[in-house]
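S.K.: Sequences listed follow chains D and W, in order. Residue numbers for the first sequence follow our numbering, beginning at 1 and rising by one. Residue numbers for the second sequence follow our numbering, beginning at 1001 and rising by one. The beta carbon of each residue, even a glycine, is placed where N, CA and C say it ideally should be. As the structure is a computational prediction, the values presented were derived from the model and not from experiment.
2 protein chains.
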Amino acid sequence: MTRLVIRNCSVLVVPVEGECRVDEYQDILIEDGAIAEVMPTGAVAAESGLEEVGATGLIAVPGLVNSHTHSPMVMMRGAAEDVSIDDWFNRKIWPMEMNLTPERVKVGARLACAEMLLAGVTTFVDHYFHADQIAAAALETGIRADLAPTFFSSTGADGREAAYEAAREIRRMGQSAARGGSPRITASLGPHATYTVSEEDLRRTAEVARAEAFRIHLHAAETADQTQSSKDRLGATPIEVLERTGVLGAGALIAHGCGIVDSDLPILAKHAARTAVAACPKVYLKLAMGPTTPIKHLQSAGVAVGVGTDGAAVHNTLDVWESLRLLALTQKQREQDAEWMTISDTLRHATRGGAAAAGLSDTIGAIEPGRRADLALVDLSAPHCQPVHDPRAALVYSVRASDVVTVVVDGNIVVRDRHLTNANLDDILQDAKATAHTLVDLSKGGAVQHYAP
Amino acid sequence: MTRLVIRNCSVLVVPVEGECRVDEYQDILIEDGAIAEVMPTGAVAAESGLEEVGATGLIAVPGLVNSHTHSPMVMMRGAAEDVSIDDWFNRKIWPMEMNLTPERVKVGARLACAEMLLAGVTTFVDHYFHADQIAAAALETGIRADLAPTFFSSTGADGREAAYEAAREIRRMGQSAARGGSPRITASLGPHATYTVSEEDLRRTAEVARAEAFRIHLHAAETADQTQSSKDRLGATPIEVLERTGVLGAGALIAHGCGIVDSDLPILAKHAARTAVAACPKVYLKLAMGPTTPIKHLQSAGVAVGVGTDGAAVHNTLDVWESLRLLALTQKQREQDAEWMTISDTLRHATRGGAAAAGLSDTIGAIEPGRRADLALVDLSAPHCQPVHDPRAALVYSVRASDVVTVVVDGNIVVRDRHLTNANLDDILQDAKATAHTLVDLSKGGAVQHYAP
Chain D
1 MTRLVIRNCS
11 VLVVPVEGEC
21 RVDEYQDILI
31 EDGAIAEVMP
41 TGAVAAESGL
51 EEVGATGLIA
61 VPGLVNSHTH
71 SPMVMMRGAA
81 EDVSIDDWFN
91 RKIWPMEMNL
101 TPERVKVGAR
111 LACAEMLLAG
121 VTTFVDHYFH
131 ADQIAAAALE
141 TGIRADLAPT
151 FFSSTGADGR
161 EAAYEAAREI
171 RRMGQSAARG
181 GSPRITASLG
191 PHATYTVSEE
201 DLRRTAEVAR
211 AEAFRIHLHA
221 AETADQTQSS
231 KDRLGATPIE
241 VLERTGVLGA
251 GALIAHGCGI
261 VDSDLPILAK
271 HAARTAVAAC
281 PKVYLKLAMG
291 PTTPIKHLQS
301 AGVAVGVGTD
311 GAAVHNTLDV
321 WESLRLLALT
331 QKQREQDAEW
341 MTISDTLRHA
351 TRGGAAAAGL
361 SDTIGAIEPG
371 RRADLALVDL
381 SAPHCQPVHD
391 PRAALVYSVR
401 ASDVVTVVVD
411 GNIVVRDRHL
421 TNANLDDILQ
431 DAKATAHTLV
441 DLSKGGAVQH
451 YAP
Chain W
1001 MTRLVIRNCS
1011 VLVVPVEGEC
1021 RVDEYQDILI
1031 EDGAIAEVMP
1041 TGAVAAESGL
1051 EEVGATGLIA
1061 VPGLVNSHTH
1071 SPMVMMRGAA
1081 EDVSIDDWFN
1091 RKIWPMEMNL
1101 TPERVKVGAR
1111 LACAEMLLAG
1121 VTTFVDHYFH
1131 ADQIAAAALE
1141 TGIRADLAPT
1151 FFSSTGADGR
1161 EAAYEAAREI
1171 RRMGQSAARG
1181 GSPRITASLG
1191 PHATYTVSEE
1201 DLRRTAEVAR
1211 AEAFRIHLHA
1221 AETADQTQSS
1231 KDRLGATPIE
1241 VLERTGVLGA
1251 GALIAHGCGI
1261 VDSDLPILAK
1271 HAARTAVAAC
1281 PKVYLKLAMG
1291 PTTPIKHLQS
1301 AGVAVGVGTD
1311 GAAVHNTLDV
1321 WESLRLLALT
1331 QKQREQDAEW
1341 MTISDTLRHA
1351 TRGGAAAAGL
1361 SDTIGAIEPG
1371 RRADLALVDL
1381 SAPHCQPVHD
1391 PRAALVYSVR
1401 ASDVVTVVVD
1411 GNIVVRDRHL
1421 TNANLDDILQ
1431 DAKATAHTLV
1441 DLSKGGAVQH
1451 YAP
C-alpha cells in the first residue's frame, strides 16, 4: 500500500448542498490513491513508508475539473481574435484543423496537460481528433481525463465507426496496466454537435453508448440562434433532438446549452440523473453568443453543471479559476441578482459539478474519505489575496492559477513546488514552439467542416 | 543625469489609433526618468553611468493605469460577498468605513501599492478618505498616483472644505522635493457622487477646480436606475447635473457611467477634451448593475475611456490585466459584436485611456520618446501563454499579473525580478494581517453615509 499525508493544511469542504467551509490545521491521509482520512493535524504519526508533504499555510482544494475542452487547440492560442463566431469556425479554426496530425495533436495535448496541472486542474473532459494521442499525454503527465473522439456526419459511416473504435481503444488504454494505462483515463463517444451530426448518426451513437456503457459528450443548443435554427430545420429544439435520438437516455454531457429553452427543462429533468451541462462563460462573452447558460433553470431541473474552458483557440487559457470566476460574474449578471451564484455554489460547480460532467460523480470532486485523491494546494499569502477575510471568496474572486503550489492526482504528486514531476516542461514548450506554425498554415485550403448551424 | 537602458526587449507600441504592434529586439533608453529613445538592440553602447536591465525574451508594455480605485479598500477584500448593491453599501461597506483611521488607511494603501506595482500597474487614480496617507504610501513604494480626497455633502461645508484642503496638501506633497515629494503625486477634487453631493457643493467644487487648476474625480451615472432616479429627483440626468454645475467645464473623471444615455452624448462631446470615463467591468457584473459602460457611444462623443478596478471590497483584486480582459469581453457582449473592442483598442484603453483618466494624456501611457518612463516587462514564456501566435492577444486574453517581471515608474526600477525595490513586502503583509479585523468590525454601529441614489 502507498501512503501519503498532506500535513497541516486548511481544507476546502464542498458539501453536496449549502455553504462551503474551510477547516484549518488538517492532515489528509491518502492510501493507494484514495483519501483515507481527513483529521486534525498530528493525528497521523510519521512512520516509514509514509510520504509527507508539508502544507502549512496552504489550502487544499478539490482538484478543479475542466468540464469541456479541446485540449490540443492550445496550439492555435491567439490565432483567431476579434472575429465573429462564423468567421472563427469557417475562416480560422476549421481550415486550420486541416493541418492536424497525430504528432501535432500530441504536442498540443502535452502542453495543455502541463498548463492545466500547473493551475490545479486535475481532470479534463475533452472532445477532439486523434484522441489516443491526448490519452497518451494524459498518461504521461499524470492528469485525469475523459476523452471523446470527435466525428462529423460529413465523414460518413466510416468516420463515425472509426471514432467509436477510437473510444474503445482509449478505454483499453486506460484499462491496460501492462501498457502503462490507468483508470484515470476514460472514454466517451464524441458526435460533434446536433448541427453537424445527423439524427441517424445520433441514434446509432446512442445505441453504441447503451450497449457498451459509454457516455456521450457533444455540443448542443450553444446559442438561442441554434435552437431557433433547429426548430426551423428539424421541427425540434436541440434538446428534443437529443431526446428523440436516445442520446439523453444513454447519458450525455452537453457543452454550452446557452440556447436551452423552458420547454426543454421537463425533458432534461427526466434524464437529470445521467445528464450534465458544461458552461464555458468566457467563450460566450468573447464570441458575443448572447445570454450565458441558464444555470438557474438547469438547477431547477436537477441537472448538474460543470465549468469548462472550451478550447484555447477561443478561451486563450485552460485556466479553470478564470472560468469559475466568470461563471459567478456572468450568472449574477444573467439573473440580475448579485445574491445568486454564491461563492459556495461556484466552487461546487467547479468541483462536484465537474465530477458529474466527467461521469465521475462518486469518484472525484471532493476531499472526503473514499474518493480518489485529486487536490491542489493553494497559497493565499500573496498581496493580491491579502488580507483573507474569507478564503472561499479569495478562491473565487482573488486567486490566480499561479498561486497553485502542489497538485495531487489519484494520490500521485504531479506538481511539486510549481514544477511538473512527470514531464519536462522545457521539452514540452520547445516542441510547441517548433510546431505552432504548422497548425495555422492555411495555404493548403479546405476545411474539416462548414459552420452553418 | 541618470541613464537607464532596457536591453533587447520586444516593445508594445500603442498608437493613438489603429492597430498596436510589437517591435522586437529593441533597447529603451531612459534619461532622467523620461524615455529618450527606442532603438534596435545594441545601438546604445554600454558605458559607465548607464544602468542596464537585461530584458531578452520579455515584452515591454506601457505601465497599466488603474483609472478608478479606492486603494485602501484592499483591507475589506472578501468581506462583502454575494450581496446586492444596496446591502453592499448600507450593510457592509459604509458601516465598515466608520472604522477608518489615518493609520489603517496607510496600511491598506501600502498593500494596494504593492499589489499594483507587482502586477505592472504604474499609475492609480484614487478616490478615498485620508488621501494624504495614500500619497505617502505611493511616495514610499514608487508608484504614480492621482489622489482625490472623498467628501459627501452630509459632512457639511466643513467636510467639503477640508477635502479641498486635503487635495491642496497632497499637491504640495507632490511638489515638495524637500519633503520627499515627487511630481508622480497629483491631486484631484473628490466629491463622492451626484447622488451624495448636492448641486450647490458640486458648483462650489467646480469653482475651486477652475480657480486652482484641479480636475474633479467623482462617481456619476453608475447605473440606468441612478439616471432615472436623478431625472425623477432633479429633473436632469447625472451628466446634465455635471454640466449645469460646471463640473464638466472644469474637467472631470467620471467613474462608471453605465447609466449614460443618448441625450448625454452631445453634452459629453462638448467637454470631451477635458472629460474621461473609467470603466470597471468586473464590478458591474458582480453587483448585477445592468449593462456595462457604453464605450462605443462615448467613443463617438470623443470621450477618453480608461480601465479601472474600483475598490477591492468589490473587485477583490487591483489587477488591471483582469479588468482590461473583462473590458474586452463585456464590450463584445454589450454590443453583441465579437469584432468590436479589439485587442488593440483594449490595450489602448488600459494605457493611453488610463493616461487621460489620470489627467496625464501627454505624460504617460505609451513607450515613446518624451514621455515619462512608466513600463512593465512581461514574460510570455509560461505554458498558459504558449505558443505565442500574437503577443498582443496574449496580453489581453492569456497573461496573468504574475507574468510581470520588472516594473519601471518615472525611470526608477520599482519592481525587479518580481520583488519590490522600495518597500518590504513582508512588513506590508504583516501590518495588513494585523489590522484587517479592525476594518470589518461593525460593533460600533453607524455608517459614513446611506445609499439611496
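If the cut-off is 9 Å on Cβ atoms, which residues from the stretch 1368 to 1390 of chain W count as contacting chain D, listed in chain order?
M.R.: Ser-1381, Ala-1382, Pro-1383, His-1384, Cys-1385, Gln-1386, Pro-1387, Val-1388, His-1389, Asp-1390
S.K.: Could you have a look at Tyr-1397 of chain W and say whether DSSP puts it in helix, strand or coil?
M.R.: Reduced to three states, the DSSP call for Tyr-1397 of chain W is helix.
S.K.: Is it buried or exposed, Gln-1430 of chain W, if we count other Cβ atoms within 10 angstroms and call 16 or more buried?
M.R.: Residue environment analysis places Gln-1430 of chain W among the exposed positions, since fewer than 16 neighbouring C-beta atoms fall within 10 angstroms of its C-beta.
S.K.: What in chain D is Cβ-close to Met-960 of chain W, meaning under 9 Å?
M.R.: Limits of chain W in this structure are 1001 at one end and 1453 at the other, which puts residue 960 of chain W out of reach.
S.K.: Ignore the nearest five residues each way along the sequence and tell me which others in Leu-1375 of chain W's own chain have a CB closer than 8 Å to its CB.
M.R.: Counting only residues of its own chain and dropping the five nearest sequence neighbours on each side, Leu-1375 of chain W has a CB closer than 8 Å to the CB of Ile-1006, Ile-1028, Ala-1060, Val-1061, Pro-1062, Gly-1063, Thr-1122, Ile-1367, Val-1407, Val-1408.
S.K.: Under the assumption that Leu-1324 of chain W contacts Leu-1012 of chain W (Cβ atoms under 8 Å), give the Cβ distance between them as a whole number of angstroms.
M.R.: Beta-carbon to beta-carbon, Leu-1324 of chain W and Leu-1012 of chain W are separated by about 13 Å, too far to satisfy the 8 Å threshold.
S.K.: Could you have a look at Arg-1233 of chain W and say whether DSSP puts it in helix, strand or coil?
M.R.: helix
S.K.: Could you tell me the alpha carbon to alpha carbon distance between Ala-1043 of chain W and Ser-1361 of chain W, rounded to whole angstroms?
M.R.: Going from the Cα of Ala-1043 of chain W to the Cα of Ser-1361 of chain W covers about 29 Å.
S.K.: Kindly indicate which residue of W:Gly-1190, W:Ser-1067, W:Met-1039, W:Pro-1369 has the alpha-carbon position closest to the one of Ala-1131 of chain W.
M.R.: W:Gly-1190
S.K.: If you run the structure through DSSP and keep just helix, strand and coil, what is Gln-333 of chain D?
M.R.: helix
S.K.: If you draw a straight line from the alpha carbon of Lys-1433 of chain W to that of Val-405 of chain D, how long is it in whole angstroms?
M.R.: 22 Å
S.K.: Quick one, which of W:Thr-1186, W:Asp-1310, W:Leu-1100, W:Thr-1002 has its alpha-carbon nearest Arg-1144 of chain W's?
M.R.: W:Thr-1186
S.K.: In angstroms, rounded to a whole number, what distance separates the CA positions of Arg-371 of chain D and Arg-274 of chain D?
M.R.: 20 Å
S.K.: Give a yes or no on whether 8 Å exceeds the smallest Cβ distance from Arg-400 of chain D to chain W.
M.R.: yes
S.K.: Determine the direct distance from the alpha carbon of Ala-1279 of chain W to that of Gly-1308 of chain W, and round the result to whole angstroms.
M.R.: 6 Å
S.K.: Against chain D, does Gln-1336 of chain W count as a neighbour if the rule is that its beta carbon must be under 8 Å from one of theirs?
M.R.: yes
S.K.: Kindly list the residues whose CB is nearer than 6 Å to the CB of Ile-1267 of chain W, restricted to its own chain and excluding five residues on each side of it in sequence; keep chain order.
M.R.: Shown here for Ile-1267 of chain W: same chain residues with a beta carbon closer than 6 Å to its own, the five before and five after excluded, namely Ile-1239, Glu-1243 in chain order.
S.K.: Kindly indicate which residue of W:Asp-1082, W:Asp-1426, W:Gln-1228, W:Ile-1413 has the alpha-carbon position closest to the one of Leu-1285 of chain W.
M.R.: W:Asp-1082
S.K.: Strictly under 8 Å for the Cβ-Cβ distance: is Gly-1078 of chain W near chain D by that measure?
M.R.: yes
S.K.: Return the bridge partner residues of Asp-27 of chain D from the DSSP annotation.
M.R.: D:Met-39
S.K.: According to DSSP, is Ala-145 of chain D helix, strand or coil?
M.R.: strand
S.K.: Does Thr-363 of chain D get closer than 8 Å to chain W when you measure Cβ to Cβ?
M.R.: no
S.K.: Within its chain, find whatever has a CB closer than 7 Å to the CB of Ala-112 of chain D; leave out the 5 residues flanking it on each side and keep chain order.
M.R.: Closer than 7 Å at the Cβ level, and outside the excluded window around Ala-112 of chain D, lie Ser-71, Pro-72, Val-74, Leu-318.
S.K.: Could you have a look at Tyr-195 of chain D and say whether DSSP puts it in helix, strand or coil?
M.R.: coil
S.K.: What separation, rounded to the nearest whole angstrom, lies between the Cα atoms of Leu-329 of chain D and Thr-1330 of chain W?
M.R.: 11 Å
S.K.: For Ala-137 of chain D, tell me which candidate among D:Gln-175, D:Lys-106, D:Ala-350, D:Glu-222 has the shortest Cα-Cα distance.
M.R.: D:Lys-106
S.K.: Note down, in chain order, every chain D residue with its Cβ under 7 Å from the Cβ of Leu-1329 of chain W.
M.R.: Lys-282, Leu-285, Lys-286
S.K.: Use the C-beta contact count for Leu-442 of chain D: other C-beta atoms within 10 angstroms, 16 or more gives buried, fewer gives exposed.
M.R.: Flag for Leu-442 of chain D reads exposed.
S.K.: Report the neighbours of Ser-176 of chain D on chain W: residues whose CB is nearer than 9 Å to its CB, in chain order.
M.R.: Ordered by position in chain W, no residue passes the 9 Å Cβ test against Ser-176 of chain D, which lies about 29 Å from the chain.
S.K.: Does the beta-carbon distance from Arg-1104 of chain W to Ile-1428 of chain W come in below 8 Å?
M.R.: no
S.K.: Any chance the stretch 1297 to 1313 of chain W sits against the stretch 340 to 354 of chain D, with 3 or more Cβ pairs inside 8 Å?
M.R.: no
S.K.: Compare the C-alpha of Asp-1426 of chain W against each of D:Gln-386, D:Thr-205, D:Ala-80 and name the closest.
M.R.: D:Gln-386
S.K.: Would you mind telling me which residues of chain D sit closer than 9 Å to Leu-1111 of chain W, beta carbon to beta carbon, in chain order?
M.R.: Neighbours of Leu-1111 of chain W on chain D, chain order: Pro-383, Gln-386, Pro-387.
S.K.: Taking any Cβ of chain W, which residues in the stretch 31 to 44 of chain D have a Cβ under 9 Å from it, in chain order?
M.R.: Taking 9 Å as the Cβ-Cβ cut-off, the stretch 31 to 44 of chain D has no residue approaching chain W.
S.K.: Tell me whether Ala-1304 of chain W sits in a helix, a strand or coil according to DSSP, three-state version.
M.R.: If DSSP states are grouped into helix, strand and coil, Ala-1304 of chain W belongs with the strands.
S.K.: Whole angstroms is fine: what's the gap from Leu-1327 of chain W's alpha carbon to Met-1098 of chain W's?
M.R.: Each residue's Cα considered, the two are about 32 Å apart.
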